Amino acid sequence: MSSELKIHKPKRASLSSQVVQEIERQIRENVWQLGERIPAEPELASAFGVSRNTVREALQSLIHAGILAARPGDGTYVQRRSRMESALHSELSLQDIKKVLEARSTLEQGIVALAAANRTVEDLQKIRISLDERNKSDNSQLDAQFHMNIAYAAHNPLLADFYNEICRFMLQNLPEKPLEGAAYTAETALHEQLYQALKDQDAQKAQSTAQAIVNIYANRFNI
135 MSSELKIHKP
145 KRASLSSQVV
155 QEIERQIREN
165 VWQLGERIPA
175 EPELASAFGV
185 SRNTVREALQ
195 SLIHAGILAA
205 RPGDGTYVQR
215 RSRMESALHS
225 ELSLQDIKKV
235 LEARSTLEQG
245 IVALAAANRT
255 VEDLQKIRIS
265 LDERNKSDNS
275 QLDAQFHMNI
285 AYAAHNPLLA
295 DFYNEICRFM
305 LQNLPEKPLE
315 GAAYTAETAL
325 HEQLYQALKD
335 QDAQKAQSTA
345 QAIVNIYANR
355 FNI
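At position 197 of the sequence shown (counting the first as 1) the number is 331 in the numbering used here, and the numbers step up by one without a gap.
Below, the structure written as structure tokens:
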């Protein structure tokens with residue numbers, strides 16, 4: 135970690151909330167990485183140009199949000215990279231997989247519609263390559279890469295970031311439940327249909343096919 139922090143000093147009245155935003159930015163841009171100890175209160179107060187009380191209030195807010203974790207006698211560490219990641223882990227602790235799939239489905243409906251409209255020839259090539267890799271086996275990582283390439287083809291970085299968080303969460307926390315026989319054949323056919331809908335720039339077909347894929351995935355968990 136650099137000894138000279140490049141921090142945007144807050145200028146308006148709500149200093150604590152602006153310190154929160156700046157710390158989140160540092161984490162989001164990997165200045166402070168997952169598992170890393172952030173600077174102590176005095177150093178942060180000096181860098182931000184605010185009081186230690188303001189910094190303490192901001193840190194407590196981020197600890198409460200699950201982004202930071204305080205270790206008594208050791209310091210404060212980055213625990214999550216975003217509020218969405220923290221929220222998703224909270225959902226898992228409540229065994230609410232259904233809500234995660236609902237979030238994925240809702241995002242995906244917008245993503246595939248945008249991808250159908252905005253995809254380039256290069257985007258289609260990347261999607262095709264990842265689909266061919268995915269079709270070789272029922273592997274969650276390869277499947278996620280196919281869907282992420284569609285998200286990138288939407289050309290909306292914010293949506294892609296949200297979708298990536300959900301995909302990463304599902305990969306890390308949901309068990310592998312491979313499909314076999316007719317079920318695998320049906321799911322593979324749906325992925326081919328989704329690719330074709332994007333190629334044809336048919337947003338409605340892309341949305342209905344994406345929903346059918348999510349439904350099959352949900353059935354693996356009897357949801």
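Beta carbons: idealized from backbone N, C-alpha and C, even for Gly.
All values derive from a computational prediction rather than experimental measurement.
DSSP three-state assignment for residue i, whether helix, strand or coil
i, result
"Gly-207", "coil"
"Arg-362", "In the structure displayed, the chain extends from 135 to 357; residue 362 sits before or after that span and is not available."
"Asn-307", "helix"
"Ser-180", "helix"
"Leu-276", "helix"
"Ala-288", "coil"
"Thr-319", "helix"
"Ser-185", "coil"
"Glu-163", "coil"
"Glu-314", "coil"
"Ser-148", "coil"
"Asn-356", "coil"
"Asn-269", "coil"
"Asp-334", "coil"
Cβ-based burial, residue i [other Cβ within 10 Å; buried from 16]
i, result
"Leu-305", "exposed"
"Leu-292", "exposed"
"Arg-186", "exposed"
"Asp-208", "exposed"
"Ile-300", "buried"
"Gln-338", "exposed"
"Asp-266", "exposed"
"Val-255", "exposed"
"Arg-268", "buried"
"Asp-277", "buried"
Beta carbon of residue i nearer than 7 Å to that of residue j
i, j, result
"Ser-150", "Thr-188", "yes"
"Ala-352", "Leu-235", "yes"
"Asp-272", "Tyr-318", "yes"
"Leu-241", "Phe-296", "yes"
"Asp-257", "Ala-287", "yes"
"Ala-346", "Leu-313", "no"
"Gln-243", "Gln-341", "yes"
"Ile-201", "Arg-214", "yes"
"Ala-285", "Ile-245", "yes"
"Leu-248", "Asn-283", "no"
"Gln-275", "Ser-264", "no"
"Val-153", "Ala-192", "yes"
"Tyr-211", "Ala-203", "yes"
Any non-hydrogen atom of the ligand GTP within 6 Å of residue i CB
i, result
"Ala-331", "With respect to the ligand GTP, the structure offers nothing, as it holds no ligand at all."
DSSP beta-bridge partners of residue i
i, result
"Val-212", "Leu-202"
"Arg-171", "Tyr-211"
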